[in-house]
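Below is one structure, written out as structure tokens; the observations come after it.
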Amino acid sequence: MRVSELFYSLQGEGKLIGVPSVFVRASGCNLRCVWCDTPYASWEPEGDQQSVAAIVDAIAKHPTAHVVLTGGEPMIMPDIVELCDALAERKYHITMETAATVYKPVKIHLASLSPKLSNSTPHTRQDGKFAVMHEQQRLNVPVIQQFIDASEDFQLKFVVARPQDMNEIHALLAQLHHWRPADVQLMPEGTDVTTLHSRTAWIDSVCKQTGFRYTPRLHVELYGNRRGT
Ligand code: SF4
1 MRVSELFYSL
11 QGEGKLIGVP
21 SVFVRASGCN
31 LRCVWCDTPY
41 ASWEPEGDQQ
51 SVAAIVDAIA
61 KHPTAHVVLT
71 GGEPMIMPDI
81 VELCDALAER
91 KYHITMETAA
101 TVYKPVKIHL
111 ASLSPKLSNS
121 TPHTRQDGKF
131 AVMHEQQRLN
141 VPVIQQFIDA
151 SEDFQLKFVV
161 ARPQDMNEIH
171 ALLAQLHHWR
181 PADVQLMPEG
191 TDVTTLHSRT
201 AWIDSVCKQT
211 GFRYTPRLHV
221 ELYGNRRGT
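Each step along the sequence shown adds one to the number in this note's numbering, with nothing skipped, and position 210 is 210.
What follows is the structure in structure tokens.
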């Protein structure tokens, strides 16, 4: 698996916010979000190939039982099932952060599903050459449902930039089953505190009306938009 970074930090988003965790960032993605905050794992992937054994050894150097597999898109990595098996055998709690466009039978504890809305489509970046591919692949309802049905726990984490994003979210949720409002997390889009806070008021209001959860981006607030955090 190609890894762009492996680091120890606090989970900054979602149901496990604040939990000290090792992050393994797979390098490579089948999408190209215009606002991607990890372009070194998507638009311009970096990093070396690492064996499952080497990744497990690197994780074991940190004093936590929580591992977050993130990306890029970890679910497109050829050895992701093997890595999850190895971590589960060692009793790690595994969070899989995925855009939920590809399913494989991975042993995980929290499926952190982040279906991408139309605000992610890169019409303006690199002359829009990835826009059609991204638009065709960004939503896969059967795969999202497969994760929901197969997972011990899950969250649907939406990156929201504008109030009209809620129309797309409600339309998607109407096609899904077996979710509760508490499983839906709304996270402001942005990589600086000013932008994040500018979106807080309307997200706060939507959460109070729907029972959805607001998730900040704690790592941005604590460390800024820096790699390895
Ligand atoms: S799915 Fe994630 S890693 Fe891939 S382009 Fe979008 S934000 Fe970046």
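Think of the CB as a built atom: it goes at the ideal place given N, C-alpha and C, for glycine as much as any other residue.
Proximity winner among the options, relative to residue i (alpha-carbon distances)
i, options, result
"residue 163", "5, 78, 199", "199"
"residue 105", "18, 46, 67, 151", "151"
"residue 168", "118, 180, 184", "118"
"residue 88", "78, 107, 80", "107"
"residue 53", "44, 43, 80", "80"
C-beta atoms of residue i and residue j nearer than 7 Å
i, j, result
"residue 9", "residue 229", "yes"
"residue 147", "residue 100", "yes"
"residue 29", "residue 82", "no"
"residue 76", "residue 84", "no"
"residue 186", "residue 160", "yes"
"residue 92", "residue 65", "yes"
"residue 33", "residue 114", "no"
"residue 70", "residue 7", "no"
"residue 181", "residue 215", "no"
"residue 15", "residue 155", "yes"
"residue 67", "residue 55", "no"
"residue 37", "residue 191", "yes"
Residue i Cβ short of 6 Å to the ligand SF4 heavy atom set
i, result
"residue 207", "no"
"residue 38", "yes"
"residue 99", "yes"
"residue 71", "yes"
"residue 87", "no"
"residue 32", "yes"
"residue 42", "yes"
"residue 84", "no"
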